[in-house]
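Asks:
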Amino acid sequence: MKHIVPIMLAIVTVLELIAGVLCLVGGIIVAATGYGAIAFIGVFFATVNILLLFFGQRLAKDYEGAAVLAGYFLLCIFGLYFLR
């Protein structure tokens, strides 16, 4: 498991950067035109990232950290719902 951690960290970092850029660009486009598809994709990437972090917390048996992520996951689900 120890040798997989750097790879998982790189994956989470790249996904978070993609989600952030898509949400930023999508937010600007939503404000300018009302078209929310790019923002939806950004929130989707953020949701996948939260799920990966949640899975990692569970594997590490950090249940308190996993419980904190549940709130962020709910925010992502609400974002997906409102941008659909």
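Each step along the sequence shown adds one to the number in the working numbering, with nothing skipped, and position 42 is 678. Where a beta carbon is used, it is the ideal one built from N, C-alpha and C, also for glycine. These numbers come from a predicted model, not from an experiment.
1. When we look at the beta-carbon of residue 713 and count the other beta-carbons within 10 Å, is it buried (16 or more) or exposed?
2. One question on the structure: do residue 655 and residue 681 come within less than 8 Å of each other, judged by their Cβ atoms?
3. Answer yes if the stretch 642-661 comes into contact with the stretch 682-690, meaning at least three C-beta pairs across the two stretches below 8 Å, and no otherwise.
4. Leaving out five residues on either side along the sequence, give the residues of the same chain with a beta carbon under 7 Å from the beta carbon of residue 678.
5. Would the beta-carbon of residue 675 fall within 8 Å of that of residue 716?
6. According to the Cβ coordinates, are residue 703 and residue 694 closer than 8 Å?
7. Can you tell me the Cα-Cα spacing of residue 670 and residue 664, whole angstroms?
Replies: Judging by the given coordinates:
1. exposed
2. yes
3. yes
4. 655, 658, 659, 662
5. no
6. no
7. 9 Å
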